[in-house]
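Residue numbers for the sequence shown follow the numbering used here, beginning at 22 and rising by one.
In this text, a Cβ means the ideal position worked out from N, Cα and C, and glycines have one as well.
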Amino acid sequence: MTYKDYYAILGIPRDATQEEIKRAYRRLALKYHPDRNPGNKEAEEKFKEISEAYEVLSDPEKRAIYDAYGYSGLKSSGYKGFEDISDIFKTFSDIFEEFFGFSFEEKTQTKPRDGADLSYEVVLDFEDLFQEKRIKLEIEKFEICDVCKGTGYDPQKGVKICDVCNGKGRVTYTEGFFRISYTCPDCKGRGTIYVEKCSKCKGSGKIWRKKELEVIIPAGIEDGSILRIPKEGEPGLFGGKPGDLFLRVKVKPHRYFYREKNNVIGQLKINFISAILGDKVKIPYFGEELEINIPAGIQPGEEIVIEGKGLPDIKTGKKGNLILKVQVEIPKKISKEGEKLLKKFAEIEGIKNFVNELSINQKDSKKKKERFWEKFIFGNK
Numbered sequence: 022m023t024y025k026d027y028y029a030i031l032g033i034p035r036d037a038t039q040e041e042i043k044r045a046y047r048r049l050a051l052k053y054h055p056d057r058n059p060g061n062k063e064a065e066e067k068f069k070e071i072s073e074a075y076e077v078l079s080d081p082e083k084r085a086i087y088d089a090y091g092y093s094g095l096k097s098s099g100y101k102g103f104e105d106i107s108d109i110f111k112t113f114s115d116i117f118e119e120f121f122g123f124s125f126e127e128k129t130q131t132k133p134r135d136g137a138d139l140s141y142e143v144v145l146d147f148e149d150l151f152q153e154k155r156i157k158l159e160i161e162k163f164e165i166c167d168v169c170k171g172t173g174y175d176p177q178k179g180v181k182i183c184d185v186c187n188g189k190g191r192v193t194y195t196e197g198f199f200r201i202s203y204t205c206p207d208c209k210g211r212g213t214i215y216v217e218k219c220s221k222c223k224g225s226g227k228i229w230r231k232k233e234l235e236v237i238i239p240a241g242i243e244d245g246s247i248l249r250i251p252k253e254g255e256p257g258l259f260g261g262k263p264g265d266l267f268l269r270v271k272v273k274p275h276r277y278f279y280r281e282k283n284n285v286i287g288q289l290k291i292n293f294i295s296a297i298l299g300d301k302v303k304i305p306y307f308g309e310e311l312e313i314n315i316p317a318g319i320q321p322g323e324e325i326v327i328e329g330k331g332l333p334d335i336k337t338g339k340k341g342n343l344i345l346k347v348q349v350e351i352p353k354k355i356s357k358e359g360e361k362l363l364k365k366f367a368e369i370e371g372i373k374n375f376v377n378e379l380s381i382n383q384k385d386s387k388k389k390k391e392r393f394w395e396k397f398i399f400g401n402k
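Following this line, the structure appears as structure tokens:
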């Protein structure tokens, strides 16, 4: 008898919780579903295998037998597994309805059921945030079969009287003085059954399709935002509303800029000559070129604010600012001529060598030291 490791089949540990088992099965059922893999026998067998594993591990009694005695013990207890794909759909009607927003089993219930919501991730570049962007998104989802209209059966073959209940819709069981009546399990209370299953959807009532959508991403949207696209989720049942499509926005980080609210923050590297004398520099900025005025005497860490060059507010459209934090670059090496000129400049401007002043004799007064640090840190004369 072939050994089957149901835990390995679902990719879960042996101490997995029921929620973990259900989550693993949902992921694999979506991957190997026959409607998503038409004509793929390998995927069909895999679908049967994971469904069998889920049936056993989701049932506490079957799981206990399997854990104690293995697959052979489970078979000895009378477990037979599934006969075919339709048997899986029938057994897991409720769980598939929970997973995908519909059931694969015919139902007599006519109460409208809303379709399940879908969620996808949309990845944007930082520059995409400056203006409204239209993107084409391809999604995969189940839709009602256009041949059988969701019934799962061939409409051309018609219906026949149910042999089990003789068209009554209910089955009566009598034992002694007791009489029990219940809904016919074959026709689900209708009294009639379809002759053949739909050839297109193989009885599921649904088909797996890819759909292309054009989605408008508003300017200024933030990383982690969620957009709702109404009625683009799974279809509803029995006249129920279709679900919605939710798009989670992920913004890739930029190499030079980042966002604070609607402001764009970046660094502006300038040389020390431009910092002293002031300057005008041009920088590329998301499709345009900006001229930046650098005031004379600007200090490292100071900010230059360019108003209205930030990101637009997603509600009002008002733009934030571009804030450039100044970083003054000091050359590590200079020429002999440059060194002479700098020393001459220091002499003319009366700039003293703080390194020499720092070597204050220990006998110097505390007051003299304090004057030095005031001058060094605060620029007091």
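A contact is defined here as three or more CB-CB pairs under 8 Å, and the stretch 210-228 fails this definition with respect to the stretch 244-253.
Classified as exposed, S93 has fewer than 16 neighbouring CB atoms from the shown chains inside 10 Å of its CB.
Counting only unbroken stretches of 3 or more residues, no beta strand (DSSP E) element lies wholly within the stretch 60-88.
Sorting V185, G171 and E159 by C-alpha distance to the C-alpha of K232 places E159 at the top. For the set V180, I335, T213 and E368, the Cα lying nearest the Cα of G190 is the one of T213. Shown here for K301: same chain residues with a beta carbon closer than 8 Å to its own, the five before and five after excluded, namely E312, I313, N314 and I315 in chain order.
Residues R155 and K157 of the same chain have their beta carbon placed closer than 7 Å to that of E235, with the five preceding and five following residues left out of the count.
Following the DSSP letters along the chain, one finds L363 inside the alpha helix (DSSP H) bounded by residues K357 to E370.
Counting C-beta atoms within 10 angstroms of its own C-beta, L31 has 16 or more neighbours from the protein chains shown and is therefore classed as buried.
Non-local C-beta neighbours of D135 in its own chain, meaning closer than 7 Å and more than five positions away in sequence, comprise G257, G261, K262 and G264, ordered along the chain.
Inclusion of D334 and G226 in the CB contact set at 8 Å is not warranted, their separation being larger than that value. Contact between the stretch 269-276 and the stretch 142-154 is present: 3 or more CB-CB pairs across the two stretches fall below 8 Å. Separation of S356 and I294 (C-alpha to C-alpha, rounded to the nearest whole angstrom) is 15 Å. I351: not part of any beta strand (DSSP E); DSSP gives it neither H nor E. By the neighbour-count definition (other C-beta atoms within 10 Å, threshold 16), I291 is a buried residue. Inter-segment contact for the stretch 303-311 and the stretch 363-372 is absent: fewer than three beta-carbon pairs are separated by less than 8 Å. Inclusion of Y53 and A64 in the CB contact set at 8 Å is warranted, their separation being smaller than that value. Shown here for E328: same chain residues with a beta carbon closer than 7 Å to its own, the five before and five after excluded, namely N342 in chain order. One thing to note: P321 has its Cβ no nearer than 8 Å to the Cβ of V285. In the DSSP secondary-structure assignment, S140 is bridged to F267. For K157, there is no enclosing alpha helix (DSSP H); the residue is part of the beta strand (DSSP E) that begins and ends at K154 to I165.
The shortest C-alpha to C-alpha distance from C186 to any of P206, G171 and K178 is the one to P206. P274 is the residue among P274, P176, F68 and Y46 whose C-alpha sits nearest the C-alpha of G245.
The Cβ atoms of E324 and K346 sit closer than 8 Å to each other.
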